[in-house]
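A short worksheet on the structure shown next.
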Amino acid sequence: MALVSITVVLMAMVGVFGGITLLGAGHRRAGRRILLLLPLSFLIHVIIRSAQGEWAAAAAGGAGLVVAAVAAWVVIPKLAVPH
Numbered sequence: 088m089a090l091v092s093i094t095v096v097l098m099a100m101v102g103v104f105g106g107i108t109l110l111g112a113g114h115r116r117a118g119r120r121i122l123l124l125l126p127l128s129f130l131i132h133v134i135i136r137s138a139q140g141e142w143a144a145a146a147a148g149g150a151g152l153v154v155a156a157v158a159a160w161v162v163i164p165k166l167a168v169p170h
């Protein structure tokens, strides 16, 4: 289970840093696609935790999923200005 958690965290980090890097370089479409890894990682977290019966952790992951989706589609693309 620890390996899955580490994989989910790494996937979120690659999504954020890769998306910001691509958006900053002017690759808007590719940057937005990579940013989708962020909410996808939270979705995987919710699925795993709910399958284990850890409902509080799944609910927290669901809230994180909403925040991550807004960040990936609205906030980060507006902040990452091409250079």
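Residue numbers (the numbering used here): 88 to 170.
Heads up, the beta-carbon is just placed ideally off N, CA and C, and yes, glycines get one too.
Just so it is clear, the structure is predicted and the values come from calculations on it, not from any experiment.
6 Å Cβ shell around Ile-131 - same chain, five flanking residues per side excluded: Closer than 6 Å at the Cβ level, and outside the excluded window around Ile-131, lie Val-95.
Can you tell me which of the three DSSP states Ala-156 falls into? It is helical.
Spatial distance of Leu-124 from Ala-99 (CA atoms): About 6 Å.
Within this structure, are the beta carbons of Ile-121 and Gly-111 separated by less than 8 Å? Contact flag unset, no.
Extent of the continuous alpha helix (DSSP H) run through His-114: For His-114, there is no enclosing alpha helix (DSSP H), since its DSSP letter is neither H nor E.
Rounded straight-line distance, which links the Cα of Ile-93 to that of Val-103: Pairing Val-103 with Ile-93, the inter-Cα distance amounts to about 16 Å.
Assigned exposure category for Gly-148 - 16 Cβ within 10 Å defines buried: By the neighbour-count criterion, in which 16 or more other beta carbons inside 10 Å mark a residue as buried, Gly-148 falls on the buried side.
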